[in-house]
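Protein chains in written order, with this note's numbering: chain A, 200 to 517; chain B, 200 to 517.
The next block holds one structure in the form of structure tokens; read it before the comments.
Protein chains: 2
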Amino acid sequence: MPIGEFELIERYLSRLGAHRDDVLLGIGDDAALLRPPPGIELASAIDTIVEGVHFPVGMPAADIGHRVLAVNLSDMAAMGAEPAWALLTLTLPVADEAWLRDFATGLHDLARRHGTALVGGDTTAGPLMATVAITGFVPPGQALRRSGARPGDEIWVSGTPGDAAAGLAVLQGKLDGPDAILEPLRQRFLRPEPRVGLGLCLRSMASACIDVSDGLVGDLGKLCESSGVGAELDSTLLPRSSAMRGAVDPEAARRFTLAGGDDYELLFTLPPGSDTGLLQRGGGVAVTRIGVIAAAAGIAVDGEPAGRELVHGFDHFR
Amino acid sequence: MPIGEFELIERYLSRLGAHRDDVLLGIGDDAALLRPPPGIELASAIDTIVEGVHFPVGMPAADIGHRVLAVNLSDMAAMGAEPAWALLTLTLPVADEAWLRDFATGLHDLARRHGTALVGGDTTAGPLMATVAITGFVPPGQALRRSGARPGDEIWVSGTPGDAAAGLAVLQGKLDGPDAILEPLRQRFLRPEPRVGLGLCLRSMASACIDVSDGLVGDLGKLCESSGVGAELDSTLLPRSSAMRGAVDPEAARRFTLAGGDDYELLFTLPPGSDTGLLQRGGGVAVTRIGVIAAAAGIAVDGEPAGRELVHGFDHFR
């Protein structure tokens with residue numbers, strides 16, 4: 200049943216996500232009207248995901264709806280911001296009601312869990328892609344930046360990076376094995392979990408923070424460049440999920456962990472001697488120390504400079 | 200010369216637009232950090248333009264950069280908001296430096312004129328399209344909404360709607376004539392001028408406002424639906440540019456004016472007897488009274504119900 204654009208937007212994209220009292224006017228006018236709380240700073244980011252570039256062709260609509268919000272919530276997490284308001288644009292080759300309903304459900308469920316309201320939307324005909332612009336709140340001066348790491352700081356990471364890249368390999372038919380082992384990896388790719396709670400815990404602790412979207416070594420390189428430092432990673436400390444250990448040999452696991460993308464874990468630095476008890480208890484995800492910040496530029500892994508295949512990360516135009 | 204994504208963003212999209220003291224951290228981290236002024240409301244909108252849908256294939260890059268910001272500034276104008284911060288995502292089939300430079304210039308020039316800073320960006324490989332999310336400021340309770348029109352209110356419009364649609368027809372080779380007549384129309388399509396100053400003037404005056412992006416009758420229909428009213432237009436009052444009068448016969452001009460899109464003029468309602476002297480002097484564009492709000496639903500033109508070909512507007516999925 201073909202239906203019109205405005206009707207589509209009205210039906211599936213209005214009233215998505217959390218109800219918030221600071222949304223004075225939501226979807227349906229030329230702009231949303233929002234009331235920021237007094238005395239805060241706003242953190243604001245935008246990210247697009249494109250079919251065939253950021254997710255495989257034919258990925259379920261609910262996973263796409265989840266993903267486009269998750270990658271933006273992850274930016275809020277990396278800043279230590281509390282997410283509040285999201286705007287969405289969705290480009291679709293055809294107006295398919297079932298697809299839109301599933302997409303809306305995936306986005307809605309994640310938004311509600313993070314107290315985020317969808318306050319504006321725009322749907323157009325075109326190749327399948329989605330963009331979210333997100334805004335969150337941070338107390339003045341408490342945002343986590345990439346630029347604060349100092350030599351001697353410990354390098355920490357949340358979760359088990361590499362699982363998402365291994366999960367993508369599963370989806371692409373490049374990894375074989377029993378379903379009980381492969382399914383958790385597939386889920387880590389399909390349903391990345393933004394580490395918003397951990398980001399809030401890190402506000403008063405971390406000297407620098409970034410989310411791991413393009414690969415651990417690549418994103419650590421960006422953090423180091425912003426901070427004017429280098430890093431030494433110890434690959435024996437890298438966290439590995441039992442699924443990863445069961446699915447591939449140790450050398451492949453090392454590569455996935457260091458160079459895989461799409462995990463949306465947090466990579467952060469702590470001054471030496473920081474009390475990490477709060478993080479372990481309150482962040483909602485395990486965190487692991489994996490190395491130390493060095494004065495000299497460059498990333499070393501087990502004493503050797505990281506090669507281009509690790510640093511590369513995910514760069515759409517190379 | 201192929202160059203990497205991050206380098207591309209760094210080089211062409213950082214420091215675009217106005218410098219603003221309320222931008223604490225711009226492009227280069229996981230999110231921008233912004234300080235809203237105390238006691239204001241935020242107006243926030245997002246719009247995508249897609250090659251082949253919202254602009255013709257092969258349109259110059261500078262015009263595309265102008266356009267993606269202009270359509271969003273127009274949303275700020277329609278709310279009576281003062282634009283402040285913009286986020287951009289750009290999807291490109293290939294990384295072309297000359298194209299990017301021109302795109303950035305088009306966006307930058309318009310942003311500077313409207314005091315808007317580009318505070319975040321994301322560039323990905325994909326079909327040519329661009330999205331801007333924009334945020335502006337409004338004093339509490341003063342935003343212009345679509346929903347406040349009352350029977351008896353006068354209907355006004357800025358500029359000369361229809362010129363952009365005629366300009367697109369020129370670009371598509373569907374309109375012939377001397378260049379001196381066609382060039383102003385072409386420019387009205389290529390370089391829409393968001394009516395931000397007029398929107399600010401309307402804050403204390405208009406009962407309702409919308410921008411004309413999909414066609415005058417279609418957008419008036421949305422305003423009326425939001426307000427629970429109808430409208431009577433007098434086509435003899437419709438403003439016509441000298442270019443329009445020179446390019447087409449009166450019947451074609453009437454159609455372009457009532458049903459053409461892409462003008463980004465403001466369509467607004469004023470309580471009867473409003474003093475429009477301030478608008479005429481301060482809005483930066485001529486404004487014209489074209490009809491009156493009625494109690495009964497529906498749009499009439501010269502006493503006849505507007506047909507589907509006028510109401511239709513620009514709906515991507517029909």
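Even glycine gets a Cβ: it sits at the ideal position worked out from N, Cα and C.
Note that this is a predicted model, so its numbers are computed, not measured.
Proximity test, Cβ basis, 8 Å: residue i and chain A
{"i": "residue 354 (chain B)", "result": "no"}
{"i": "residue 319 (chain B)", "result": "yes"}
{"i": "residue 389 (chain B)", "result": "no"}
{"i": "residue 416 (chain B)", "result": "no"}
{"i": "residue 332 (chain B)", "result": "yes"}
{"i": "residue 237 (chain B)", "result": "yes"}
Cross-chain neighbours of residue i in chain A, by beta carbon under 7 Å
{"i": "residue 249 (chain B)", "result": "290, 323 and 325"}
{"i": "residue 437 (chain B)", "result": "Here the premise fails: no neighbours, minimum Cβ distance about 22 Å."}
CA-to-CA distance, residue j to residue i, given in whole angstroms
{"i": "residue 357 (chain A)", "j": "residue 229 (chain B)", "result": "17 Å"}
{"i": "residue 449 (chain B)", "j": "residue 422 (chain B)", "result": "27 Å"}
{"i": "residue 369 (chain A)", "j": "residue 277 (chain A)", "result": "28 Å"}
{"i": "residue 418 (chain B)", "j": "residue 427 (chain A)", "result": "52 Å"}
{"i": "residue 408 (chain B)", "j": "residue 354 (chain B)", "result": "10 Å"}
{"i": "residue 470 (chain B)", "j": "residue 477 (chain B)", "result": "15 Å"}
{"i": "residue 392 (chain B)", "j": "residue 243 (chain B)", "result": "19 Å"}
{"i": "residue 380 (chain B)", "j": "residue 443 (chain B)", "result": "8 Å"}
{"i": "residue 438 (chain A)", "j": "residue 446 (chain A)", "result": "15 Å"}
{"i": "residue 481 (chain A)", "j": "residue 363 (chain A)", "result": "24 Å"}
{"i": "residue 313 (chain B)", "j": "residue 352 (chain A)", "result": "43 Å"}
{"i": "residue 452 (chain B)", "j": "residue 220 (chain A)", "result": "46 Å"}
{"i": "residue 497 (chain B)", "j": "residue 262 (chain A)", "result": "41 Å"}
{"i": "residue 275 (chain B)", "j": "residue 473 (chain A)", "result": "46 Å"}
{"i": "residue 461 (chain A)", "j": "residue 267 (chain A)", "result": "12 Å"}
{"i": "residue 389 (chain B)", "j": "residue 388 (chain A)", "result": "42 Å"}
{"i": "residue 463 (chain B)", "j": "residue 420 (chain B)", "result": "16 Å"}
{"i": "residue 330 (chain A)", "j": "residue 396 (chain A)", "result": "23 Å"}
{"i": "residue 345 (chain A)", "j": "residue 224 (chain B)", "result": "11 Å"}
{"i": "residue 265 (chain A)", "j": "residue 216 (chain A)", "result": "11 Å"}
{"i": "residue 300 (chain A)", "j": "residue 206 (chain A)", "result": "13 Å"}
Residue-chain proximity (residue i, chain B), Cβ-Cβ < 8 Å
{"i": "residue 228 (chain A)", "result": "yes"}
{"i": "residue 410 (chain A)", "result": "yes"}
{"i": "residue 516 (chain A)", "result": "Low per-residue confidence applies at residue 516 (chain A): pLDDT is 45, beneath 50, and the placement is therefore not dependable, though the value from the model is reported in the following sentence. Judged by the 8 Å Cβ criterion, residue 516 (chain A) is in contact with chain B."}
{"i": "residue 171 (chain A)", "result": "No information on residue 171 (chain A) is available, as it lies outside the stretch 200 to 517 that chain A covers here."}
{"i": "residue 246 (chain A)", "result": "yes"}
{"i": "residue 223 (chain A)", "result": "yes"}
{"i": "residue 443 (chain A)", "result": "no"}
{"i": "residue 348 (chain A)", "result": "no"}
Partner residues on chain B for residue i, Cβ-Cβ distance less than 7 Å
{"i": "residue 524 (chain A)", "result": "Because chain A here runs from 200 to 517, residue 524 (chain A) falls outside it and cannot be looked at."}
{"i": "residue 277 (chain A)", "result": "229"}
{"i": "residue 234 (chain A)", "result": "240"}
{"i": "residue 342 (chain A)", "result": "232"}
Partner residues on chain B for residue i, Cβ-Cβ distance less than 9 Å
{"i": "residue 303 (chain A)", "result": "Going along chain B, no residue has its Cβ under 9 Å from residue 303 (chain A), so there is no contact; the nearest lies around 16 Å."}
{"i": "residue 284 (chain A)", "result": "241 and 243"}
{"i": "residue 345 (chain A)", "result": "227, 228 and 229"}
{"i": "residue 258 (chain A)", "result": "Chain B residues near residue 258 (chain A): none, gap ~15 Å exceeds 9 Å."}
{"i": "residue 393 (chain A)", "result": "In chain order: nothing, as chain B lies at least about 11 Å away."}
Beta-bridge partners of residue i, as assigned by DSSP
{"i": "residue 491 (chain B)", "result": "B:353 and B:431"}
{"i": "residue 281 (chain B)", "result": "B:336"}
{"i": "residue 216 (chain A)", "result": "A:316"}
{"i": "residue 359 (chain B)", "result": "BP columns for residue 359 (chain B) are empty, so no partner."}
{"i": "residue 497 (chain B)", "result": "B:429"}
{"i": "residue 408 (chain B)", "result": "B:467"}
{"i": "residue 228 (chain B)", "result": "B:226"}
Neighbour list for residue i in chain A, Cβ cutoff strictly below 8 Å
{"i": "residue 255 (chain B)", "result": "Result: empty, since nearest Cβ-Cβ is about 14 Å, beyond 8 Å."}
{"i": "residue 252 (chain B)", "result": "323, 324 and 325"}
{"i": "residue 404 (chain B)", "result": "Residues of chain A passing the Cβ test: none, with the nearest at roughly 17 Å."}
Beta-carbon separation (whole angstroms), residue i vs residue j, contact threshold 8 Å
{"i": "residue 405 (chain B)", "j": "residue 467 (chain B)", "result": "4 Å"}
{"i": "residue 309 (chain A)", "j": "residue 250 (chain A)", "result": "Rounded, the Cβ-Cβ distance is 19 Å, inconsistent with contact."}
{"i": "residue 304 (chain A)", "j": "residue 282 (chain A)", "result": "Not a contact, Cβ separation roughly 19 Å."}
{"i": "residue 321 (chain A)", "j": "residue 247 (chain B)", "result": "6 Å"}
{"i": "residue 412 (chain A)", "j": "residue 273 (chain A)", "result": "7 Å"}
{"i": "residue 342 (chain B)", "j": "residue 280 (chain B)", "result": "7 Å"}
{"i": "residue 239 (chain B)", "j": "residue 338 (chain B)", "result": "6 Å"}
{"i": "residue 432 (chain B)", "j": "residue 490 (chain B)", "result": "4 Å"}
Residue i: contacting residues in chain B (beta-carbon distance under 8 Å)
{"i": "residue 274 (chain A)", "result": "229 and 230"}
Residue i Cβ short of 7 Å to the ligand GDP heavy atom set
{"i": "residue 331 (chain B)", "result": "Absent from the structure shown: the ligand GDP. Ligands present: none."}
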